[in-house]
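Undergrad:
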Amino acid sequence: MKIRGVVGWRAASVVVAVGALTAGCSSPGTTTASAKALASDVHVTTITASKAYTPKAPTGGTDDYHCTLIDPKVTADEMIVASQFLPGSPEVHHAILFLIPPQLASQAQALDNGGTGWTCFGETVLPHTSLNLPFGKTSVDGHISGTPWLSGWAPGQKLVDTPTGTGELFPAGSLVVAQIHYNLLVGDQPVTPKIQLDTVPAAGSTLQPLHLTLAPAPPDIPCPATVSGPLCDRTAELASLASRTGQSQADFVGTLEEICGRDPQNPPAGATTSCIWPLRSSGYIVRVVAHMHLLGVGMKIVLNPGTPGAKTLLDMSNYDFNNQRFYDISPPAPFAAGDKVQVTCTYNAKLGQELPLLRGVAPHFVTWGDGSSDEMCLGIVESVTNLPAP
């Protein structure tokens, strides 16, 4: 399948003095993160697609995951203190920026097809660097490849500052992969996205580097009793998932079920799912994010569940896909190596027939999947090793 892609991205960089940001007014490119950074200047880099991309889903699917390689020309180590993704069109479901360290640059360039990008369902944007290990076992910074997240965007988010006293490491010579999920249930018109990254020099900075931990749980949501169809059978739906997003994505469902202590062939089905993940180091949790799709109605994230010191980091009963956001933890929550994080998600399967966007989708057993008519239960936990300065 030939996909029409972004030929390139245009980058423009300016430097904004902190003094210009503390006067209570703003201009294009200025951010409140600059004052947090406590550095002499903030570099604001705006990257715009040089050509529009027209999304196209695989046969039988309604979603397109497309990756494009970006060279922001980072000449010295920097820290990202704020980011903003401007989708350019409502069919953008979400976007993630992945860091490509210099040692993986050649592999990313080989995938980029001369600037047109590549199809990239799943979290491993550079498939040849996958560690081929079960998710959450031995991995790099909580990921199944050597390409950690730099930032992400979902509907409802605007410019996002890092928590006070923190930043994302951005090494010199790094490249960036923009993975954008297009939902063709919304539309299939050409899209011209834009990315803004606000950075400060890493040298001499007192900012604490952010570490990201992904805590997923496998949804297993049966069709409501009032509807039926061939895809209400879980096995048939997994075959459909493989045809739409690739066999590796269907295989991941089984891996996730097993890691969460379930029978991959016959997991418990219902409106709620949960999983517990270990933390492998010590530090302080400074921010959490909840991500589900259109059937999601609630999420709870708890540190050390079932213990006297249990701490609820997030308890959301009104999840809105179109109004997703980051939640700072104040004061930061301390944790030790061996502590655990539990994520629990709740769904309303009837929304599959009630939401206008999903009415044209055949009734189906809903599992973890990259499509907008599939589901996710993903708690994102950001932490630092040392307590950040106020």
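Under the numbering used here, the first residue of the sequence shown carries the number 34, and numbering increases by one thereafter.
All residues carry an ideal CB built from backbone N, CA and C; glycine is no exception.
Measure the beta-carbon distance from residue 228 to residue 130 and round it to whole angstroms, keeping in mind my assumption that it falls under 8 Å.
TA: So it is a contact: roughly 7 Å between Cβ atoms.
Undergrad: Please report the distance separating the alpha-carbon of residue 418 from that of residue 362.
TA: Going from the Cα of residue 418 to the Cα of residue 362 covers about 15 Å.
Undergrad: Threshold first: 4 residues or longer. Then list the alpha helix (DSSP H) segments lying entirely within the segment 247–312, N to C.
TA: Taking only runs of at least 4 residues, the alpha helix (DSSP H) segments lying wholly in the segment 247–312 are 267–278, 280–292.
Undergrad: Going by beta carbon distance, what residues of the same chain come within less than 7 Å of residue 260, once the five residues before and after it are set aside?
TA: Cβ neighbours of residue 260 beyond the five flanking positions: 386, 396.
Undergrad: Would you tell me roughly how many angstroms separate the C-alpha atoms of residue 144 and residue 307, rounded to the nearest one?
TA: Whole-angstrom Cα-Cα distance: 36 Å.
Undergrad: Could you name the residues of the same chain whose beta carbon sits closer than 6 Å to that of residue 128, not counting the 5 residues immediately before and after it, in chain order?
TA: 118, 186, 213, listed in sequence order.
Undergrad: DSSP beta-bridge partners for residue 386?
TA: None, per the DSSP bridge assignment.
Undergrad: Between the C-alpha atoms of residue 238 and residue 249, what's the straight-line distance to the nearest angstrom?
TA: Rounded to whole angstroms, residue 238 to residue 249 spans 33 Å at the Cα level.
Undergrad: Once DSSP output is grouped into helix, strand and coil, what is the label at residue 420?
TA: Residue state, collapsed to three classes: coil.
Undergrad: Mind checking which residues open and close the alpha helix (DSSP H) that includes residue 142?
TA: Where residue 142 is concerned, the enclosing alpha helix (DSSP H) stretches over 138–144.
Undergrad: Write down the C-beta distance between residue 155 and residue 282 rounded to the nearest angstrom, noting that I regard them as a contact closer than 8 Å.
TA: The pair is a contact, with the Cβ atoms about 6 Å apart (cut-off 8 Å).
Undergrad: Output the distance between the C-alpha atoms of residue 331 and residue 422, rounded to the nearest integer angstrom.
TA: About 32 Å.
Undergrad: Which term fits residue 86, buried or exposed, when burial requires 16 or more other beta carbons within 10 angstroms of its beta carbon?
TA: Counting Cβ neighbours within 10 Å, residue 86 comes out buried, since at least 16 surround it.
Undergrad: With DSSP as the reference, label residue 408 as helix, strand or coil.
TA: It is a strand residue.
Undergrad: Taking just the CA atoms, how far does residue 221 sit from residue 277?
TA: Going from the Cα of residue 277 to the Cα of residue 221 covers about 17 Å.
Undergrad: Output the distance between the C-alpha atoms of residue 284 and residue 266, rounded to the nearest integer angstrom.
TA: Those two C-alpha atoms are separated by around 17 Å.
Undergrad: Which residue comes first and which comes last in the beta strand (DSSP E) that contains residue 124?
TA: Looking at the DSSP string, residue 124 is not in any beta strand (DSSP E), and its letter there is neither H nor E.
Undergrad: Let me know if residue 215 comes out buried or exposed under the rule of 16 or more other beta-carbons within 10 Å of its beta-carbon.
TA: By the 10 Å Cβ count, residue 215 comes out buried.
Undergrad: Skipping 5 residues on each side, what residues in its chain have a beta carbon closer than 6 Å to that of residue 408?
TA: Excluding sequence neighbours, residue 408 sits near 252, 326, 328, 399.
Undergrad: If we count the other Cβ atoms within 10 Å of its Cβ and call it buried at 16 or more, is residue 351 buried or exposed?
TA: Looking at its Cβ environment, which holds fewer than 16 other Cβ atoms inside 10 Å, residue 351 is exposed.
Undergrad: Between the C-alpha atoms of residue 192 and residue 256, what's the straight-line distance to the nearest angstrom?
TA: Spanning the two alpha carbons is a distance of roughly 37 Å.
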